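First up is the structure itself, then whatever we jot down about it.
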Amino acid sequence: MNKAIKVTVLVLGVLLVLNGVLNIIDDSRVLTYDITTILAGLGFILLSQWKNK
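Just so we're aligned: the sequence shown equals residues 23 to 75 in our numbering.
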């Protein structure tokens, strides 16, 4: 994977996790959307750390 693509995917993952966490803090309740956003963000972060062999 290209370095620019890795950085872009990592930034996208961090923003998704941040969106989910801040939405939980803002609403004071956990919705399905929040959990999905956090899990998608973690998936993008893991994808950006994947090493191609």
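All C-beta atoms, glycine included, are put in the ideal place defined by N, C-alpha and C.
Since this is a predicted model, take the numbers as computed values, not measurements.
Item to complete: Report the rounded CA-to-CA distance for residue 23 versus residue 68, giving the unit in angstroms.
Response: In the sequence shown, the residue the question calls residue 23 occupies position 1. In the sequence shown, the residue the question calls residue 68 occupies position 46. If I take the Cα positions, the gap works out to 13 angstroms.
Discussion item. So, does the region 47–55 touch the region 26–33, judging by three or more C-beta pairs under 8 angstroms?
Written reply: The answer is no - the region 26–33 does not touch the region 47–55, with fewer than three Cβ pairs under 8 angstroms.
Worksheet item: Can you tell which of 41, 35, 33 has the C-alpha that lies nearest to the C-alpha of residue 55?
Response: As a working note, residue 55 is residue 33 in the sequence shown. Measuring from the Cα of residue 55, the nearest candidate turns out to be 41.
Worksheet item: Should residue 60 be labelled buried (16 or more other beta-carbon atoms within 10 Å of its own) or exposed?
Response: Working through the sequence shown from its first residue, we reach residue 60 at position 38. A buried status is given to residue 60, since no fewer than 16 other beta-carbon atoms sit within 10 Å of its beta-carbon.
Discussion item. Just to confirm before moving on: does the CB-CB distance between residue 44 and residue 63 stay below 8 angstroms?
Written reply: In the sequence shown, the residue the question calls residue 44 occupies position 22. In the sequence shown, the residue the question calls residue 63 occupies position 41. Between residue 44 and residue 63, the C-beta spacing is not below 8 angstroms.
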